[in-house]
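Novice:
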Amino acid sequence: MMVRAALLSLLLAVGVTAPAPAQPSGPSGSLTLMSRPAGASFRIEGDVTVVGRTPMTFDRGLAGRYRIVGFEIGYDPWSRTVMLDGVTADTVWFSLRQKSAFMAGARSLILPGWGQAYDEHPVRATLFMIGAITASAGVGIAHWRVHDRADDYAAAVGTTGEARAAARLAHARQLRLIMAGVAGGIMGLSVIDAAASVPHPVGTILLGEAGGSKAGRRRGLPPAGMEVGLVLASRGF
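Taken in order, the sequence shown gives residues -22 to -1, 1 to 215; the numbers are from mature numbering (1 follows the signal peptide of the UniProt record, and there is no 0).
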C-alpha cells in the first residue's frame, strides 16, 4: 500500500509540473515595402486594404494573396500581385517611372484628350475628346456634302443651274477645309497642352523608417502587428 501511494503521488507531481502543450501561433512573417523614389505611396489590397508610404514594414499578420499598388504624383503607377505565406520575411521593391512630356504629347497625337488623362486632368481630357469627336464628325459630314455637291454640279453642267451648282460645290469644299482645320487645331492644342501639363514629382516624403511609424488614422481593424499605415477597409476596397 505504501508503494502504491508513493507511485500515485509521483504521477500526480509529474502531471502538475508537466508543461502545457504549446498553443499554435499566428502568422509571424513580415512584409517590407521599399520604393524608388523613397516615400512613394502604396496600397495593399486583400483581406485588408492598407495605404501608406515607403519604407514601411508590416511585422506579422499578412498571409494570402495580395495586390500591391505603388503610385505618386508625376509617376506612372506600378502594381503586382504577391502570395504571402505569413512565415517568410518578404521584401518588395518597386520603381516608379516618371511621366514625360513626350509620352503625354504622343497620346494626344493619337487621340486628343488621352494625354490630358495621362496627366491626370480628367476635365480637360473630356473636353478635348468631345471637341475632337465633334470636329471629326463635322469633317465627315462636310466631306459627304462635297461629294453630294459634286454630283449636283456634274448633273448641272451645260444647264442654266451650272453657275449655282459650282458655287455650292466651292462653298462645300471651303466648309470641309474649315472643319479639317478645326479638327487639326484641336489635336495640336491637345498635344501642346498635354506636353506642358505633365505633373512634376513633389519630392521625397518620408513618414518614418522601415519598421514602422504610427502614421495615419485607423478606420478598421487590421491583423495584429499592423500598426502602421491607414486601414481603409477590413475586406476589399
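All C-beta atoms, glycine included, are put in the ideal place defined by N, C-alpha and C.
(1) Taking the beta carbon of residue 97 as the centre, do at least 16 other beta carbons fall within 10 Å, making it buried, or is it exposed?
(2) From residue 76 to residue 54, what does the alpha carbon distance come to, in whole angstroms?
(3) Within the continuous alpha helix (DSSP H) that includes residue 44, where are the two ends?
(4) Would you kindly report the start and end of the unbroken beta strand (DSSP E) that includes residue 58?
(5) If you compare alpha carbons, which of 8, 34, 7 is closest to residue 20?
(6) Less than 8 Å between C-beta atoms, sequence neighbours within five positions excluded: which residues of the same chain meet that for residue 110?
(7) When the distance is taken between beta carbons, is residue 47 closer than 8 Å to residue 57?
(8) Do you know offhand how far residue 12's Cα is from residue 22's?
(9) Please go through the same chain and pick out, in chain order, the residues whose beta-carbon is closer than 6 Å to the beta-carbon of residue 87, but skip the five residues on each side of it.
(10) Taking residue 7 and residue 67 to be in contact with their CB atoms under 8 Å, please state how far apart those CB atoms are, rounded to whole angstroms.
(11) Helix, strand or coil for residue 140 per DSSP?
(12) Mapping the DSSP letters down to three states, classify residue 69 as helix, strand or coil.
(13) If you count every other CB in all the chains shown that lies within 10 Å of the CB of residue 184, and 16 or more means buried, which is it?
(14) Measuring only the C-alpha atoms, how far is residue 71 from residue 171?
(15) Considering only residues of the same chain and omitting the five flanking positions on each side of residue 69, which have a CB-CB separation below 6 Å?
(16) Does residue 204 pass the burial test, meaning 16 or more other C-beta atoms within 10 Å, or should it be called exposed?
(17) If you check the beta carbons only, do residue 230 and residue 79 fall under 8 Å apart?
(18) Between 150, 26, 30, which lies nearest to residue 42 when the distance is taken from Cα to Cα?
Specialist: Taking the definition as stated:
(1) buried
(2) 6 Å
(3) It is not in any alpha helix (DSSP H) - residue 44 instead sits in the beta strand (DSSP E) that spans 42 to 49.
(4) 56 to 62
(5) 34
(6) 89, 90, 91, 161, 164, 165, 168
(7) yes
(8) 13 Å
(9) 169
(10) 6 Å
(11) helix
(12) strand
(13) In this prediction, residue 184 scores a pLDDT of 47, lower than 50, which makes its location untrustworthy; no coordinate-derived value is stated.
(14) 34 Å
(15) 10
(16) Confidence is the limiting factor: at residue 204 the pLDDT is only 38, short of 50, which leaves the residue's position unreliable, though a coordinate-based value still follows. It is buried - the Cβ of residue 204 has at least 16 other Cβ atoms within 10 Å.
(17) Absent from the structure is residue 230, since the part of the chain shown begins at -22 and ends at 215.
(18) 26
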